[in-house]
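Take any residue in the sequence shown, count from 1 to its spot, add 166: that is its number in the working numbering. Below is one structure, written out as structure tokens, with a few remarks after it.
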Amino acid sequence: DTNPGPLVCEKDQGGSIDASPFVAKDGTAYLYWKNDGNAVGVDTWISVQRLSDDGLKLEGQPKRLIRQDLPWEGNLVEAPFMWERDGVFHLFYSANDYGSDRYAVGHATASSPTGPFTKDPEPVLTSTDVAAGPGHCALLEKDGRVLMVYHAWDPAAIGSEVPGRTMWLSEVTFDGRKVSVTPPSTKLPAGL
């Protein structure tokens with residue numbers, strides 16, 4: 167890559183953060199990101215744009231997918247992660263204040279990686295008595311099981327530098343367009 171600049175940087179929208187690449191089962195690559203609008207007092211959007219085959223350039227025009235418009239989301243959406251399953255595109259994202267127990271993981275679905283997306287009305291992963299403010303997730307598959315990796319605070323030390331946010335693992339199950347995420351627990355999912 168000889169490009170001296172970033173692939174995307176929406177300076178007038180607070181900049182662009184949380185870039186997340188995704189390759190659909192048909193081989194098409196996309197880049198998802200969030201404009202950092204909450205830093206400059208404008209809406210935050212999760213956007214997508216197609217990537218070139220070598221992954222080094224954006225092609226076409228960006229498309230805005232979702233913004234903070236549900237009460238639980240507070241003033242931002244961020245941290246997009248796309249997962250394709252049985253022809254449904256599942257967009258996981260985080261919302262609200264990352265330094266609080268209100269931070270949580272949301273979920274939206276579409277029939278295309280570029281939308282339109284329909285959000286679940288409530289988050290799919292929220293704080294518990296052992297983990298506060300879970301968010302910024304990624305999914306992986308192991309032995310046919312889908313697992314979500316994310317970070318969360320110790321409820322007694324929200325926003326602290328030590329121990330800071332730690333990594334957590336929960337199991338995800340799918341039923342068409344619906345998902346269920348096992349709440350944070352100090353025990354690993356069975357069989358891991």
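By construction, the Cβ of each residue, glycine as well, lies at the ideal position given by its N, Cα and C atoms.
Where N204 falls: helix, strand or coil (DSSP): helix
Using the Cβ count rule (16 or more neighbours within 10 Å means buried), how would you classify P289? Buried, because 16 or more other Cβ atoms sit within 10 Å of the Cβ of P289.
Simplified DSSP assignment, three categories, for Q179: In the structure shown, Q179 sits in a helix (DSSP, three-state: H, G or I).
Rounded straight-line distance, which links the Cα of S213 to that of R311: Each residue's Cα considered, the two are about 28 Å apart.
Beta carbon of S182 nearer than 8 Å to that of V189: No, Cβ-Cβ distance for S182 and V189 is not below 8 Å.
By the three-class DSSP mapping on this structure, what secondary structure does E239 have? Annotated three-state conformation of E239 is helix, per DSSP.
I'd like to know if D263 contacts chain D, where contact means its C-beta is closer than 8 Å to some C-beta of that chain. Included in the structure is just one protein chain, with no chain D present.
Spatial neighbours of H302 in its chain, beta-carbon cut-off 7 Å, leaving aside the 5 residues before and after: A245, S260, Y316 and H317
Just to confirm my understanding: we take T352, look at its own chain, exclude 5 residues before and 5 after, and list those with CB closer than 6 Å. What are they? V296
First and last residue of the uninterrupted beta strand (DSSP E) at F340: Secondary structure note for F340: its beta strand (DSSP E) is the uninterrupted segment T332 to D341.
Opening and closing residue of the beta strand (DSSP E) in which P300 lies: A298 to K308
What does F247 pair with, by DSSP beta-bridge criteria? F258
In terms of residues, what are the limits of the beta strand (DSSP E) holding P228? L224 to R233
Let me know if S278 comes out buried or exposed under the rule of 16 or more other beta-carbons within 10 Å of its beta-carbon. exposed
Taking L236 as the reference, which of P355, R251, A274 and F340 has the closest Cα? Among P355, R251, A274 and F340, the Cα nearest to that of L236 is on A274.
The beta strand (DSSP E) that contains K344, what's its start and end? K344 to V347
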